[in-house]
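J.: Chains as they are written, first to last, in the numbering used here: chain A, 1 to 557; chain B, 1 to 132. Ideal Cβ placement from N, Cα and C applies to all residues, glycine included.
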């Protein structure tokens, strides 16, 4: 993974010193909360319902085991002994004291981490495939591009006060595991007819109260010209994006109002202007710098192993719980004899995405012993050990299981994305976490979950859609009606390479009804599916919403 | 006499009496240049600190139109934005709250490096000595 040099280190240390001064002045009363707010937001510090929340950046979801231990130590020393993985692959701490935050940032900086631009109207953490560098079929490791974007976007002098926040995601395989179509900019790495690497550029996707699937504005952008093109998009957005209404300020609204043709023309015009500036004025990185960054993402020293492992096969045959974990939580690796494992942070009856300090330490130790010290966070609020030998998997799982992070439910109905909701968030209309837990309880039987197969439930406690309900196979949106919590179901959403916004079905459901409704939809799917391999989303795409609506309201009436 | 904060060294100076060309914060300089002939000072506006359009305007003035004169910022610029302003080519800030002068001076020196090419210094990659 990327390692800081003196310059990168100075950058985060200078930031901590600046923030320490700002906090001192706030505590002394020299600046008001209004004046302090933009400064703390630039450092990922929110004020929630009950306390401050600090959002630590995990650039493109990549962590070393040492960095994970530092996060564990922060949770232990400054918080309530746990952290929370966010849908931007970051980690949130829900209970820090304001006075401690500079020390927390200092500790992060010592471990080459920060909380820069995890909030505010600027370019946020760039996200990517949690299996980056391990998945088959990559054009190249997408984290090289992500790190280039991280550096370019950090303290960008022109783009730190945009109309609204700005999110970029990168995918380097045909299968999109980074939800690029619901980002402000989605970059799909491709090769052109000549075999040269580059990007298909999507723009204007997003969720929130007006969900959009991103549109292509460039079929092929040469690899070396990425930053010029991003700069052109951001400038057009900075100049023309709406600033009169916070709900219409994202780039998706601008693209929609201008029309994609006019937007593209404006971007290309700016892009041409950058290109005519010549090498001296170029915004793109020189090849030597690109190569320097790329070097840090060279593959680890994999052993030459047979394709199959006898130890692994035998363990699966002997231990059904392990067999279930191996069936759902493993992802094929590009190197024979290896696999990537999803570490589920979705045990029953816990807030989705939470991980305790002890669990972080346990995971770090496992990564050191078996996984090249490499840990990832995922936008689905889980973690990943990307490089494990098949031979080691049974031992790895036993260690995970002992730490309480061995749940065999990746991609299943209990692997739910949920926003923090009214338990933490001052924007929420309803709670999300208890709904997730009640669904988990209803479908607690592992055999039933396995029978249902892949089904992605995503829950947002308000229209801002932080729980990604628009792209849930089953989405659940919390709404407040005269002080009472109601939940609206959407069906057929998807965040992958066939991205779609879910369709709203029917009226709001009461807190008591929502789990029953989910169950009716699932039961109807089991009746309708053509065969056990047809996933929920496939059945929905084949038949549409109608038969599911019938199931919902026949019985609800 | 209007005071100006000079972003190059953090000093307060009296505004020179030159004519000033005002460019509104919502003017699109990407598609049409303002009439810059004979202009010594362009004044850009920050109606609210959150409105960052002038950052783009300054960069376009410098890099696209090669404007060499003074670029002055007016309005609600926070101390924490001063270094960004300098990097996009803004020279002076008009009408700052003098109680916050120390904050401005601190912010102007807070960062030793920057990743992006800018008007006031080389990007980090040109300064890197190490190769892995």
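If we count the other Cβ atoms within 10 Å of its Cβ and call it buried at 16 or more, is residue 295 of chain A buried or exposed?
T.: Sequence index remark: in the first chain, residue 295 of chain A carries index 295 (1-based). Exposed, since its Cβ has fewer than 16 Cβ neighbours within 10 Å.
J.: Could you list which residues in chain B have their beta carbon closer than 7 Å to that of residue 158 of chain A, in chain order?
T.: Mapped onto the first chain, residue 158 of chain A falls at position 158. The answer, in chain order, is 55, 56, 59 and 88.
J.: Going along the chain, which residues of its own chain have a beta-carbon closer than 8 Å to the beta-carbon of residue 312 of chain A, five neighbours each way excluded?
T.: In the first chain, residue 312 of chain A corresponds to position 312, counting from 1. Only 326, 390, 391, 393 and 394 meet the Cβ criterion.
J.: For residue 196 of chain A, which three-state DSSP category applies?
T.: Counting from 1 along the first chain, the entry for residue 196 of chain A is found at position 196. Correct three-state label for residue 196 of chain A: coil.
J.: Against chain B, does residue 372 of chain A count as a neighbour if the rule is that its beta carbon must be under 9 Å from one of theirs?
T.: Along the first chain, read from residue 1 onward, the residue named residue 372 of chain A stands at position 372. Not an interface residue.
J.: Spatial neighbours of residue 416 of chain A within its chain, please: C-beta separation below 6 Å, excluding the five flanking residues on both sides.
T.: The count along the first chain starts at 1 and reaches residue 416 of chain A at position 416. Closer than 6 Å at the Cβ level, and outside the excluded window around residue 416 of chain A, lie 352, 436 and 457.
J.: Give the straight-line distance between the Cα atoms of residue 150 of chain A and residue 117 of chain A, rounded to the nearest whole angstrom.
T.: On the first chain, position 150 is the one that residue 150 of chain A refers to. On the first chain, position 117 is the one that residue 117 of chain A refers to. C-alpha separation (whole angstroms): 10 Å.
J.: Locate the beta strand (DSSP E) running through residue 47 of chain A, then write down its first and last residues.
T.: Mapped onto the first chain, residue 47 of chain A falls at position 47. Segment 45 to 47, the beta strand (DSSP E) holding residue 47 of chain A.
J.: If we define contact as Cβ-Cβ less than 9 Å, is residue 68 of chain B a contact residue for chain A?
T.: Against the second chain, residue 68 of chain B aligns to sequence position 68. No, residue 68 of chain B lies away from the interface with chain A (no Cβ there is under 9 Å from its Cβ).
J.: Use the C-beta contact count for residue 40 of chain B: other C-beta atoms within 10 angstroms, 16 or more gives buried, fewer gives exposed.
T.: For this step, residue 40 of chain B is matched to residue 40 along the second chain. Result: exposed.
J.: Could you spell out where the beta strand (DSSP E) holding residue 374 of chain A opens and where it closes?
T.: Translated into positions along the first chain, residue 374 of chain A becomes position 374. That run of the beta strand (DSSP E) goes 374 to 377.
J.: Answer with buried or exposed for residue 65 of chain B, where buried requires no fewer than 16 other C-beta atoms within 10 angstroms of its C-beta.
T.: Here residue 65 of chain B refers to the residue found at position 65 of the second chain. It is exposed - the Cβ of residue 65 of chain B has fewer than 16 other Cβ atoms within 10 Å.
J.: Quickly, what does DSSP pair residue 210 of chain A with across the bridge? List them, please.
T.: Translated into positions along the first chain, residue 210 of chain A becomes position 210. DSSP output for residue 210 of chain A lists no bridge partner at all.
J.: Please classify residue 79 of chain A as buried or exposed, where buried requires at least 16 neighbouring CB atoms within 10 angstroms.
T.: The count along the first chain starts at 1 and reaches residue 79 of chain A at position 79. It is buried - the Cβ of residue 79 of chain A has at least 16 other Cβ atoms within 10 Å.
J.: Taking residue 114 of chain A and residue 275 of chain A to be in contact with their CB atoms under 8 Å, please state how far apart those CB atoms are, rounded to whole angstroms.
T.: Locating residue 114 of chain A in the first chain gives position 114, where the first residue counts as 1. Locating residue 275 of chain A in the first chain gives position 275, where the first residue counts as 1. Going by Cβ atoms, the distance from residue 114 of chain A to residue 275 of chain A rounds to 32 Å, so no, they are not a contact pair.
J.: Using a beta-carbon distance below 9 Å, is residue 273 of chain A in contact with chain B?
T.: Taking the first residue of the first chain as position 1, residue 273 of chain A is located at position 273. So, interface residue.
J.: Select from the segment 34 to 64 of chain A all residues with a C-beta closer than 9 Å to any C-beta belonging to chain B, and list them in chain order.
T.: Cβ contacts with chain B: 35, 38, 39 and 42.
J.: At the 9 Å Cβ level, is residue 101 of chain B part of the contact set with chain A, yes or no?
T.: As a first step, residue 101 of chain B is located in the second chain; it is residue number 101 there, counting from the start. False, the Cβ-Cβ gap to chain A never drops below 9 Å.
J.: Could you tell me which uninterrupted alpha helix (DSSP H) segments, each at least 4 residues in length, are contained entirely in the segment 436 to 499 of chain A, listed from first to last along the chain?
T.: 446 to 452
J.: Let me know if residue 8 of chain B comes out buried or exposed under the rule of 16 or more other beta-carbons within 10 Å of its beta-carbon.
T.: Position 8 of the second chain, counting from 1, holds the residue named residue 8 of chain B. Answer is exposed; the Cβ neighbour count stays below 16.
J.: Please list the partners that residue 289 of chain A has in chain B, where partner means a Cβ-to-Cβ separation under 8 Å.
T.: Against the first chain, residue 289 of chain A aligns to sequence position 289. Residues of chain B passing the Cβ test: 125 and 128.
J.: Under a three-way DSSP split, which group does residue 509 of chain A fall into?
T.: Position 509 of the first chain holds residue 509 of chain A. Of the three classes helix, strand and coil, the one that applies to residue 509 of chain A here is strand, per DSSP.
J.: From which residue to which residue does the beta strand (DSSP E) around residue 334 of chain A run?
T.: By one-based count along the first chain, residue 334 of chain A stands at place 334. Looking at the DSSP string, residue 334 of chain A is not in any beta strand (DSSP E), and its letter there is neither H nor E.
J.: Quick one: residues in its chain with C-beta nearer than 8 Å to the C-beta of residue 191 of chain A, no 5 flanking neighbours on either side, listed in chain order?
T.: As a first step, residue 191 of chain A is located in the first chain; it is residue number 191 there, counting from the start. If we look at residue 191 of chain A and ignore the five residues flanking it on each side, its Cβ neighbours are 139, 197 and 198.
J.: Any beta carbon of chain B sitting closer than 9 Å to that of residue 176 of chain A?
T.: Looking up residue 176 of chain A in the first chain gives position 176. Judged by the 9 Å Cβ criterion, residue 176 of chain A is not in contact with chain B.
J.: Less than 9 Å between CB atoms is the rule here; does residue 104 of chain B satisfy it with respect to chain A?
T.: The residue given as residue 104 of chain B occupies position 104 in the second chain. No, because no Cβ of chain A sits closer than 9 Å to the Cβ of residue 104 of chain B.
J.: Please report the straight-line C-alpha distance between residue 267 of chain A and residue 381 of chain A, rounded to a whole angstrom.
T.: By 1-based counting over the first chain, the position of residue 267 of chain A is 267. By 1-based counting over the first chain, the position of residue 381 of chain A is 381. If I take the Cα positions, the gap works out to 34 Å.
J.: Using a Cβ cut-off of 9 Å, pull out every chain B residue sitting near residue 72 of chain A, in sequence order please.
T.: Taking the first chain and counting its residues from 1, the one referred to as residue 72 of chain A is at position 72. Per Cβ cutoff of 9 Å: no residues; residue 72 of chain A is ~28 Å from chain B at best.
J.: Between which two residues does the alpha helix (DSSP H) harbouring residue 97 of chain A extend?
T.: In the first chain, residue 97 of chain A corresponds to position 97, counting from 1. Premise fails: residue 97 of chain A is in no alpha helix (DSSP H) and is neither H nor E.
J.: Hey, would you say residue 85 of chain B sits closer than 9 Å to residue 58 of chain B, going by beta carbons?
T.: Looking up residue 85 of chain B in the second chain gives position 85. Looking up residue 58 of chain B in the second chain gives position 58. Contact flag set, yes.
J.: So which of A/451, A/86 and A/34 has the shortest CA-CA distance to residue 567 of chain A?
T.: This structure cannot speak to residue 567 of chain A, because chain A is shown only from 1 to 557.
J.: For a quick check, are the C-beta atoms of residue 487 of chain A and residue 455 of chain A less than 9 Å apart?
T.: As a first step, residue 487 of chain A is located in the first chain; it is residue number 487 there, counting from the start. As a first step, residue 455 of chain A is located in the first chain; it is residue number 455 there, counting from the start. In this structure, residue 455 of chain A does not lie closer than 9 Å to residue 487 of chain A by Cβ.
J.: By the three-class DSSP mapping on this structure, what secondary structure does residue 46 of chain B have?
T.: As a first step, residue 46 of chain B is located in the second chain; it is residue number 46 there, counting from the start. Strand, per DSSP.
J.: Is residue 32 of chain B buried or exposed, if buried means 16 or more other CB atoms sit within 10 Å of its CB?
T.: Your numbering for residue 32 of chain B matches position 32 in the second chain. Classification of residue 32 of chain B: exposed, given that the 10 Å Cβ count is below 16.
J.: Find the residues of chain A that neighbour residue 36 of chain B, judging by a C-beta separation of less than 9 Å, and give them in chain order.
T.: As a first step, residue 36 of chain B is located in the second chain; it is residue number 36 there, counting from the start. Neighbourhood of residue 36 of chain B in chain A, by CB distance below 9 Å: empty, with the nearest CB roughly 17 Å away.
J.: Looking at the structure shown, is residue 415 of chain A part of a helix, part of a strand, or coil, going by DSSP?
T.: Here residue 415 of chain A is taken as the residue at index 415 of the first chain, counted from 1. If DSSP states are grouped into helix, strand and coil, residue 415 of chain A belongs with coil.
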